[in-house]
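Sequential numbering from 0 applies to the sequence shown in numbering that gives the first Met the number 0.
Ideal placement from N, C-alpha and C gives every residue a C-beta, glycine not left out.
Okay, so here's the structure we're looking at.
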Amino acid sequence: MKLPHNNIQPKERAFLVGVDLRQEEDLLSIEDSLDELVLLAETAGLDVVGQVTQRLNAPNPKTFIGQGKVEEVKSLVEEVQADIVVFDEELSGRHLRELEKIFGDRIRIIDRTALILDIFAMHANTREGALQVELAQYEYRLTRLTRAWTHLARQAGGGGGRSGAGGGVGLRGPGETQLEVDRRDINRRIGNLKDQLEKVRTHRNQHRSRRKRSNIPIVALVGYTNAGKSTLLNYLSGADIYVADQLFATLDPTTRRVEFPGGKIALFTDTVGFIQKLPTTLVAAFRATLEEIAEADLLLHVVDVTHINAHAQAKAVYQTLEEIEADHIPVLIALNKIDLLNDTDGARKSLEAFPNAVAISALTGEGIEDLFSAVNGILFENYVDVSLFLPYNEGGLISLFHEQGRVEMIEHQDGGIHISGVIPNRLLARYSPYISQNQ
Numbered sequence: 000m001k002l003p004h005n006n007i008q009p010k011e012r013a014f015l016v017g018v019d020l021r022q023e024e025d026l027l028s029i030e031d032s033l034d035e036l037v038l039l040a041e042t043a044g045l046d047v048v049g050q051v052t053q054r055l056n057a058p059n060p061k062t063f064i065g066q067g068k069v070e071e072v073k074s075l076v077e078e079v080q081a082d083i084v085v086f087d088e089e090l091s092g093r094h095l096r097e098l099e100k101i102f103g104d105r106i107r108i109i110d111r112t113a114l115i116l117d118i119f120a121m122h123a124n125t126r127e128g129a130l131q132v133e134l135a136q137y138e139y140r141l142t143r144l145t146r147a148w149t150h151l152a153r154q155a156g157g158g159g160g161r162s163g164a165g166g167g168v169g170l171r172g173p174g175e176t177q178l179e180v181d182r183r184d185i186n187r188r189i190g191n192l193k194d195q196l197e198k199v200r201t202h203r204n205q206h207r208s209r210r211k212r213s214n215i216p217i218v219a220l221v222g223y224t225n226a227g228k229s230t231l232l233n234y235l236s237g238a239d240i241y242v243a244d245q246l247f248a249t250l251d252p253t254t255r256r257v258e259f260p261g262g263k264i265a266l267f268t269d270t271v272g273f274i275q276k277l278p279t280t281l282v283a284a285f286r287a288t289l290e291e292i293a294e295a296d297l298l299l300h301v302v303d304v305t306h307i308n309a310h311a312q313a314k315a316v317y318q319t320l321e322e323i324e325a326d327h328i329p330v331l332i333a334l335n336k337i338d339l340l341n342d343t344d345g346a347r348k349s350l351e352a353f354p355n356a357v358a359i360s361a362l363t364g365e366g367i368e369d370l371f372s373a374v375n376g377i378l379f380e381n382y383v384d385v386s387l388f389l390p391y392n393e394g395g396l397i398s399l400f401h402e403q404g405r406v407e408m409i410e411h412q413d414g415g416i417h418i419s420g421v422i423p424n425r426l427l428a429r430y431s432p433y434i435s436q437n438q
């Protein structure tokens, strides 16, 4: 009997290199960072076959790691028959060129940033997501014109996907002939992508303005990748958002209407998960998407309470919020996945380590009533005293104060009004630029 032909290609074999730079303070230890890199590699469809680490005072200007370590890695790569070497740090163009000379044409060299870009390319399912990823890829590639790009530049959300379930990190993106494209063409393409994304940003701003005029509060779900944000949004809204136990399973923002017990309404927005060493090119490219976070009334920070590095992951989230200028917005922490704990009392004890937190399970619904109560208190019940000077051209904010707050004093002056009273705490971020200095 003739066996059927198996079209599934074998996975590319990856060898990982971790570096502990003593001059830098990383959120994760070198061992934990490499464990995360393993997950990233597996998400990208790679088969991890080995890893090494090195502690350095500073990167080698030519090869990043020391010459002796390079030879050791080369020997190990040959021994385990790896196809690709992945560095856990971002490599410069010079590092890539020098390493490619040493390892030869058969072995490909990439870094953590390139790997994350590749994963984003896999998971961008909308035109906006594809544009954002392509822009980030081009900006990354601009200073790294080496053959490495031929297996990384993926066209997000569209052409040239993997062949079979075992496909490796392949070309999916800016094009099959990238080595022939000069800097001028790349810069032209970057400019074009930025123009298209600016139109997307304008469109988003229009939607955001309409939402603000409706005065329905907006809650942005933020958190480390794979913390359970999409699962939580599914539970709260009855939606059917794609969920998977992998890094960056969802990329494109999703907004759902959520009704609270008692009938109050809020809009909940799920956005891309964060990660330590999130590439700056991605943060810049996803500006329009991340502005959904910066314009929210409340940030619901979902933390995987079962993860050994929960505190470090939370710190990485706060660093990214600061980077996108969203660190002024009120935050409520949801300690998620308590259903996976042997002792749920352990989650309750974790509340002491996380200020303003609620323990929940987005999968089973445990603690959701407490979450609703906490969110309701922040959005609809907590008020703060303010004294403001609002320019006359901010008529929307003046009207909002009358509608949502309680005016205790109002005085018309040149150029605007001096108004004081109480407003919902969730609106404080909108009024913060106009708070009177003598308050």
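Open item on the list: For residue 321 and residue 328, I'd like the C-alpha separation in whole angstroms.
Closed with: 10 Å
Task: Test item: CB-CB of residue 275 and residue 110 under 9 Å - done: no
- [ ] Return the first residue and the last residue of the alpha helix (DSSP H) that residue 275 is part of.
- [x] First-last for residue 275: undefined, no H or E at that position.
TODO: Report the residue from 186, 403, 89 and 390 whose alpha carbon sits nearest the alpha carbon of residue 434.
DONE: 390
TODO: Quick one: give me the first and last residue of the alpha helix (DSSP H) that residue 304 is part of.
DONE: It is not in any alpha helix (DSSP H) - residue 304 carries neither H nor E in the DSSP assignment.
Open item on the list: Could you pull the DSSP bridge partners for residue 432 from this structure?
Closed with: Answer is none; residue 432 lacks a bridge partner.
Open item on the list: With a threshold of 8 Å, are at least 3 pairs of Cβ atoms found where one atom belongs to the stretch 105-119 and the other to the stretch 32-40?
Closed with: yes
Task: Nearest-angstrom beta carbon gap, residue 416 and residue 397 [assumed within contact, 8 Å] - done: 7 Å
Task: residue 297 versus 303, 308, 325 and 280, residue with shortest Cα-Cα distance - done: 325
Open item on the list: Within a Cβ cutoff of 8 Å, which residues of the same chain sit near residue 307, ignoring the five residues on either side of it in sequence?
Closed with: 31
TODO: Would you check if there are 3 or more beta carbon pairs closer than 8 Å linking the stretch 40-58 to the stretch 329-339?
DONE: no
- [ ] With a threshold of 16 other CB atoms inside 10 Å of the CB of residue 13, please say whether the residue is buried or exposed.
- [x] buried
Open item on the list: I'd like to check one pair, residue 339 with residue 230: are the Cβ atoms closer than 9 Å?
Closed with: no
Task: Proximity winner among 374, 67, 76 and 354, relative to residue 11 (alpha-carbon distances) - done: 76
Task: Rounded C-alpha distance that separates residue 405 from residue 44 - done: 56 Å
- [ ] Tell me residue 46's beta-bridge partners as DSSP assigns them.
- [x] 12
TODO: Using 8 Å as the cut-off, classify the Cβ of residue 140 as near or not near the heavy atoms of the ligand SAH, replying yes or no.
DONE: For the structure depicted, the ligand SAH is absent and the ligand set is empty, with no information on it obtainable.
Open item on the list: Quick check on the DSSP output: the alpha helix (DSSP H) that includes residue 386 runs from which residue to which?
Closed with: Segment 382-390 is the beta strand (DSSP E) holding residue 386; no alpha helix (DSSP H) there.
TODO: Drop a sphere of 10 angstroms on the beta-carbon of residue 280, count the other beta-carbons inside from all chains shown, and report buried for 16 or more, exposed for fewer.
DONE: buried
- [ ] Run through the stretch 15-92 for me and flag every whole alpha helix (DSSP H) of 4 or more residues, listed as ranges in chain order.
- [x] 29-42 and 66-79
Open item on the list: Once DSSP output is grouped into helix, strand and coil, what is the label at residue 269?
Closed with: strand
- [ ] Answer yes if the stretch 78-86 comes into contact with the stretch 121-135, meaning at least three C-beta pairs across the two stretches below 8 Å, and no otherwise.
- [x] no
Task: Of the listed residues 288, 291 and 214, nearest to residue 263 (C-alpha basis) - done: 214
Task: Backbone secondary structure at residue 409 - three-state DSSP - done: strand
TODO: State yes or no: is the C-beta of residue 265 within less than 9 Å of the C-beta of residue 323?
DONE: no
Task: Sequence-distant residues of the same chain with beta carbon closer than 7 Å to residue 285, five excluded per side - done: 131 and 271
- [ ] Report yes if the CB atom of residue 83 is closer than 9 Å to the CB atom of residue 95, and no otherwise.
- [x] no
Open item on the list: With the cut-off set at 9 Å, would you say residue 86 and residue 16 are in Cβ contact?
Closed with: yes
Task: Residues of its chain near residue 310, where Cβ-Cβ distance is below 8 Å and the 5 sequence neighbours each way are ignored - done: 352
Task: Length of the line joining the Cα atoms of residue 419 and residue 392 - done: 18 Å
- [ ] Would you mind sorting residue 18 into buried or exposed? The rule is 16 or more other CB atoms within 10 Å of its CB.
- [x] buried
- [ ] Check whether the Cβ atoms of residue 90 and residue 133 sit closer than 9 Å, and answer yes or no.
- [x] no
Task: CA-to-CA distance, residue 232 to residue 365, given in whole angstroms - done: 14 Å
Task: Local Cβ density within 10 Å of residue 442, reported as buried at 16 or more and exposed below that - done: With the chain covering 0 to 438 only, the question about residue 442 has no answer from this structure.
- [ ] Within the stretch 116-140, note down every full beta strand (DSSP E) run reaching 3 residues or more, in order along the chain.
- [x] none
TODO: Quick one: residues in its chain with C-beta nearer than 6 Å to the C-beta of residue 384, no 5 flanking neighbours on either side, listed in chain order?
DONE: 421
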